[in-house]
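Asks: What follows is a single structure, and I will ask about it in a moment.
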Amino acid sequence: MFQRDGMLLAVHRHMQPRADEPVFEATVRFRTVGDVTCTGCVESSASTVAEVIAETAVARLTERGATRADDRISEAGMEDRKRQGYF
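Right, here's the structure in full:
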């Protein structure tokens with residue numbers, strides 16, 4: 185994992201940390217089945233569906249808004265991916 189602009193991102197061949205972004209291990213979950221290049225993750229120790237539901241029930245920030253990495257790239261990041269044939 186590494187952190188960029190307040191978002192946790194998984195290290196992947198298409199998502200590499202910059203020189204000033206330390207890599208670390210963390211227990212996380214993803215809000216959706218997404219692509220690591222456009223979806224951040226949430227620190228979580230939840231290991232069951234019930235635990236995930238309990239976490240989201242008390243959350244103060246929607247995970248959708250907190251984990252959409254495309255929105256940090258540009259205002260139309262997801263729309264740009266659609267035009268490029270990603271979906």
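Going by my numbering, the first residue of the sequence shown is number 185, and it counts up by one from there. The beta carbon of each residue, even a glycine, is placed where N, CA and C say it ideally should be.
1) Take residue 200 as the anchor and find which of 243, 242, 227 and 187 has the nearest alpha-carbon.
2) Measuring alpha carbon to alpha carbon, tell me which residue in 209, 214 and 222 is nearest residue 263.
3) Once the 5 residues before and after residue 207 are set aside, which same chain residues still bring their CB inside 8 Å of it?
4) Of the residues 192, 213, 198 and 236, which one's Cα is nearest the Cα of residue 205?
5) Which of the three DSSP states is assigned to residue 212 in this structure?
Replies: To lay it out plainly:
1) The residue given as residue 200 occupies position 16 in the sequence shown. For the residues 243, 242, 227 and 187, the minimum Cα distance to residue 200 belongs to 187.
2) Reading the sequence shown from its first residue, position 79 is the one you call residue 263. Per the Cα distances, 222.
3) Position 23 of the sequence shown, counting from 1, holds the residue named residue 207. Counting only residues of its own chain and dropping the five nearest sequence neighbours on each side, residue 207 has a CB closer than 8 Å to the CB of 185, 186, 195 and 201.
4) Position 21 of the sequence shown holds residue 205. With distances taken between Cα atoms, residue 205 lies closest to 192.
5) If you number the sequence shown from 1, residue 212 lands on position 28. In the structure shown, residue 212 sits in a strand (DSSP, three-state: E or B).
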